[in-house]
Structure formats: C-alpha cells, structure tokens
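Below you'll find the structure, written out as structure tokens, and then a few comments.
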Amino acid sequence: EIARTVSQNFSNQETSVTIGESIRDEDVYILQSTATGDVNEGLMEMLIMIHACRTASARRITAVIPCYPYARQDKKDRSRAPISARLIANMLQTAGANHIITMDLHASQIQGFFSVPCDNLYAEPS
218 EIARTVSQNF SNQETSVTIG ESIRDEDVYI LQSTATGDVN EGLMEMLIMI HACRTASARR
278 ITAVIPCYPY ARQDKKDRSR APISARLIAN MLQTAGANHI ITMDLHASQI QGFFSVPCDN
338 LYAEPS
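Sequential numbering of the sequence shown, starting at 218, is according to our numbering.
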C-alpha cells in the first residue's frame with residue numbers, strides 16, 4: 218500500500234516532509250530518484266523522510282535508490298579529496314535506514330561503506 222506523503226519547501230528553502238498515515242510497526246520502502254532534478258534536494262528529502270519514518274516507529278526502513286548520489290566519489294583520487302559516497306552511506310544509516318537497495322553502482326566497494334545490508338542490483342543480466 219502506498220502511503221500519502223507531503224513534501225514542501227519553506228520560504229528559506231528548508232524541506233519539510235509529512236507522512237499522512239500511521240506507519241508504526243510497518244515495513245517501509247522509500248523510493249527516491251536522485252537522477253533528475255537537484256541531487257542535493259532529492260537526497261535531503263529522502264534523508265528527512267527516512268528520519269520521519271524512524272521517528273514514527275516504522276519496523277524496518279528500506280531506501281530504494283536507483284541512482285546512488287555521489288557514487289563517483291568513492292575513493293581519494295587526489296590530496297584532501299572527500300570520499301563523498303561513504304558520507305552518503307553514513308547519512309542514510311544515521312537517518313535510520315535498515316536496508317539499502319541501489320542499481321548499477323559506479324564501484325561495488327560502495328556496498329562496503331554500509332554496516333546495514335546494501336543490495337546492488339544490475340539493470341542487465343551479467
């Protein structure tokens with residue numbers, strides 16, 4: 218069953234998410250595409266939604282992310298460069314995700330950035 222959610226931006230561009238029904242003790246799947254539009258806005262909306270589900274006592278939260286944001290920043294390729302793919306993994310877990318499903322990761326080692334299960338699905342058979 219698809220739950221009704223409302224996402225809005227305040228005048229200062231902060232994102233607010235409201236879940237329109239009880240999800241207490243439910244398994245929740247959050248599908249968020251960061252492939253179109255503003256990657257950072259889509260990412261922040263997803264993190265806030267995950268946190269809202271955790272706060273609302275969801276049993277398990279699975280984030281379905283077809284296009285993992287910052288996947289190309291999976292290693293230090295120069296001095297003082299961030300490993301942003303790992304930061305995104307930390308943020309998803311801190312927000313409250315119990316499971317991550319993504320597709321065609323830029324580098325499979327990104328799965329190792331998680332301490333929760335992370336499934337990397339492939340769009341084509343191998």
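All residues carry an ideal CB built from backbone N, CA and C; glycine is no exception.
If we call anything under 7 Å between Cβ atoms a contact, is residue 327 one with residue 291? Residue 327 sits at position 110 when you count from the first residue of the sequence shown. Residue 291 sits at position 74 when you count from the first residue of the sequence shown. Taking 7 Å as the Cβ cut-off, residue 327 and residue 291 qualify as a contacting pair.
Ordered along the chain, which non-local residues of its own chain (more than five positions away) have a Cβ less than 6 Å from that of residue 244? On the sequence shown, residue 244 is found 27 positions in, with the first residue counted as 1. Excluding residues within five positions, the ones whose Cβ falls inside 6 Å are 276, 277.
Find the nearest neighbour of residue 267 within the set 254, 283, 235, 322, judged by alpha-carbon distance. Within the sequence shown, the letter at position 50 stands for residue 267. Considering only alpha carbons, the answer is 235.
Helix, strand or coil: how does DSSP classify residue 230 here? Counting from 1 along the sequence shown, the entry for residue 230 is found at position 13. Coil.
Return helix, strand or coil for residue 303, following the three-state DSSP convention. Sequence index remark: in the sequence shown, residue 303 carries index 86 (1-based). Annotated three-state conformation of residue 303 is helix, per DSSP.
Over what stretch of residues does the alpha helix (DSSP H) that includes residue 271 continue unbroken? Within the sequence shown, residue 271 is the residue found at index 54, counting from 1. 256-272 is the span of the alpha helix (DSSP H), which, as asked, contains residue 271.
Anyone know if the C-beta pair for residue 265 and residue 232 falls short of 7 Å? Indexing the sequence shown from 1 puts residue 265 at position 48. Indexing the sequence shown from 1 puts residue 232 at position 15. Their beta carbons are under 7 Å apart, which means residue 265 touches residue 232 by this criterion.
Just the Cα atoms here: how many angstroms apart are residue 300 and residue 220? Working through the sequence shown from its first residue, we reach residue 300 at position 83. Working through the sequence shown from its first residue, we reach residue 220 at position 3. Between residue 300 and residue 220, the C-alpha separation is close to 34 Å.
With distance defined between alpha-carbon atoms, name the residue in 325, 323, 222, 313 nearest to residue 279. Working through the sequence shown from its first residue, we reach residue 279 at position 62. The candidate whose alpha carbon is nearest that of residue 279 is 313.
Find out if the Cβ-Cβ distance for the pair residue 322, residue 285 is shorter than 7 Å. Within the sequence shown, the letter at position 105 stands for residue 322. Within the sequence shown, the letter at position 68 stands for residue 285. For residue 322 and residue 285, yes; Cβs fall inside 7 Å.
To the nearest angstrom, how far is it from the Cα of residue 229 to the Cα of residue 342? For the purposes of this step, residue 229 is identified with residue 12 of the sequence shown, where counting begins at 1. For the purposes of this step, residue 342 is identified with residue 125 of the sequence shown, where counting begins at 1. Cα-Cα distance, rounded: 45 Å.
Span separating the alpha-carbon of residue 255 from that of residue 324: Position 38 of the sequence shown holds residue 255. Position 107 of the sequence shown holds residue 324. So the two alpha carbons sit approximately 22 Å from each other.
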